[in-house]
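This report refers to the structure that appears directly beneath it.
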Amino acid sequence: MTVATTRHPAPAHPEPAGVDNRLVVGGAARTWRSLPMPTLPDPAAVLAHSAVHALTAARQHAVHGTELLISTASRVDATMRAELSAAGFTVSVLDDDGVRPSAPTRPRVAEPGRLWLLTSGSTGRPKRVGHTLDTLTTVRADQPERTWLCPYAPGTYAWWQVVTLSLTQPGQHLVVVEPDELDDWPSVAAAHGVDAASGTPTFWRRTLHRDADALARVPLRQITLGGEPVDQAILDQLREVFPTARISWIYASSEVGASIVVHDGRAGFPVDWLDRETPGRPTLSVHDDELVVTSPHHGVGLAGPIRTGDRVQVLDGRVLITGRLDSDEINVGGSKVSAGLVRGVLAGHPAVAWARVTGRRAPVLGRMVVAEVVLAPADPAGADPASADTGVPDEAALVRWCADRLPEHAVPRRIRVLTDIPVKETLKSDV
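The numbering of the sequence shown is UniProt numbering, which starts it at 1 and goes up by one.
Rendered as structure tokens:
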């Protein structure tokens, strides 16, 4: 074991099985084997300057097993740097000039094989969750050859899911897009033969909104969604563009790992999956409208049933994950409203590309439902003049749409139209 050392350790593991898989990053084609092997401190919190630097750190860990956390600099503010330093990490910037380490304030012995992830911080400051390469590797069976798109921020759980797939499975190639390539990712993907892509619902909605025709030119055979609530509208929109692709949605988090995978094209999962105990698989339960997961893929220090903080509702034999407990429920004059269900109704309007629903203070009712939407590009063929709800709707038309499908207390009282879908570095939009 070492203490914050920069000595290059002897290899602790053989090269991973996917070492000769093709990587396209920064416009250049290479393989995992051809990546440079940086000499990293141990333990290290690596702030990767670009995607290729993050991948080199991941390969270094796969071969040497040094204790590692990977992130972008933008996700680690001064307070987090101080926390990492106090926790014994050598915070290290990794860029084209090499490794620039800052010594920890409290050096400690490294834990071999440990990987650390920062949570997305959707409920406050990001937290560290411990894993290993093994607990992050959730696909183990042989897979058909694929070229995957990876749009995620380095070091996130979703990023590691795609990275471990490519590292451990021969024939799972990777095309990584940098943040400045996200707006044009379909062109990058089509140029490099991408046929599988993973992204958040916001990522897919934003792509459909910006250029659905360019997206349709990517020969996708596998589409995966996760990281946010997945409603029926986005599944149907993707099915319309890719009628023969397999479309999957995944529920996963840094704390409980990949826990739910659904391939049937429907939002939610079957209610008979609840409380079903199968060796080696997560057990799903609902307590007080909250999803509870007992998972073999959980982070270090977590065991038994874990309350996820995600709200669920059971409708028509499906368990729908509607949003975070602390933000999904809106109390309107004593009546409970699910922001996620209202969002799903708005997203089901043919002219709505994206929606966000929140509660706002109201003098009599305490709270009222309000919404923001981004409208889909106008149909060049023109709208049907006989229907007010199939052209470009105004606020009144959207309110009527909701009133026809929701109880009166759940209908948004204000709907604001935005020009573009907001997105954060995590590819989420706080819906």
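A virtual CB, placed ideally from N, CA and C, is assigned to each residue, including glycine. Treat the numbers as computed from the prediction; the structure is a model and nothing was measured.
Could you tell me if residue i is buried or exposed, where buried requires 16 or more neighbouring beta carbons within 10 angstroms of its beta carbon?
i	result
Ser254	buried
Arg311	buried
Glu408	exposed
Leu84	buried
Ala4	In this prediction, Ala4 has a pLDDT of 37, which is less than 50 and means its spatial position is unreliable; what the coordinates show is noted afterwards. Buried, by the Cβ-count rule.
Ala57	buried
Glu425	exposed
Ala51	buried
Val176	buried
Pro179	exposed
Leu220	buried
Arg100	exposed
Do you know whose CA, among the options, lies nearest residue i's CA?
i	options	result
Trp116	Val109, Asp95 and Ile70	Ile70
Val63	Ser102, Asp95, Ala190 and Pro36	Pro36
Ile250	Ala153, Gln169 and Pro201	Pro201
Pro393	Arg416, Val411 and Arg405	Arg416
Val332	Gly155, Ala410 and Ala86	Ala410
residue 435	Ile223, Glu228, Val374 and Gly317	Here the chain comprises residues numbered 1 to 431, so residue 435 is not present and cannot be evaluated.
Leu68	Glu111, Asp142 and Ser34	Glu111
Pro422	Asp97, Ala355 and Leu136	Ala355
Gly18	Arg140, Asp95, Leu418 and Pro101	Arg140
Asp236	Trp160, Gly257, Arg266 and His209	Arg266
Ala376	Ser338, Val109 and Asp420	Asp420
Gly334	Ala303, Val364, Val345 and Leu341	Val364
Asp20	Lys127, Leu165 and Ile321	Leu165
Pro41	Thr156, Arg75 and Ser102	Ser102
Ala78	Ala303, Pro43, Val109 and Pro126	Pro126
Asp96	Thr39, His49 and Ile234	His49
Ignore the nearest five residues each way along the sequence and tell me which others in residue i's own chain have a CB closer than 8 Å to its CB.
i	result
Ser387	With a pLDDT of 48 at Ser387, under the threshold of 50, the modelled position of that residue is not reliable, and the figure given next carries that caveat. Cβ neighbours of Ser387 beyond the five flanking positions: none.
Leu325	Asp289, Glu290, Gly309, Asp310 and Arg311
Gly301	Gly130
Lys428	Ser120, Ser122, Thr200, Thr202, Gly227 and Glu228
Within the same chain, show all residues whose beta-carbon is closer than 7 Å to that of residue i, passing over the 5 residues directly before and after it, in chain order.
i	result
Ala362	Met368
Leu182	Pro151
Gly366	Asn331 and Gly333
Which residues in the same chain as residue i place their Cβ atom closer than 6 Å to its Cβ, once the five residues preceding and following it in sequence are excluded?
i	result
Arg106	Ala86 and Gly88
Trp160	Leu136
Val24	Val175 and His192
Asp389	Caution applies to Asp389, whose pLDDT of 47 falls short of 50 and renders its modelled position unreliable; the model cannot decide the point.
Inset, instruction - Spell out a yes or no on whether the stretch 199 to 216 and the stretch 159 to 176 are touching, meaning 3 or more CB-CB pairs, one atom from each, closer than 8 Å. - result: no
Inset, instruction - Could you pull out every unbroken beta strand (DSSP E) segment of at least 3 residues lying fully inside the stretch 48 to 127, listed in chain order? - result: 68 to 72, 90 to 95, 98 to 102 and 114 to 118
Legend entry - the stretch 85 to 94 contacting the stretch 21 to 37, beta-carbon criterion three pairs below 8 Å: no
Legend entry - alpha helix (DSSP H) runs wholly inside the UniProt domain "AMP-binding enzyme C-terminal" (345 to 425), at least 4 long, in chain order: 395 to 403
Inset, instruction - Counting only runs of 3+ residues fully inside the stretch 228 to 277, write out the beta strand (DSSP E) ranges in chain order. - result: 246 to 253 and 257 to 262
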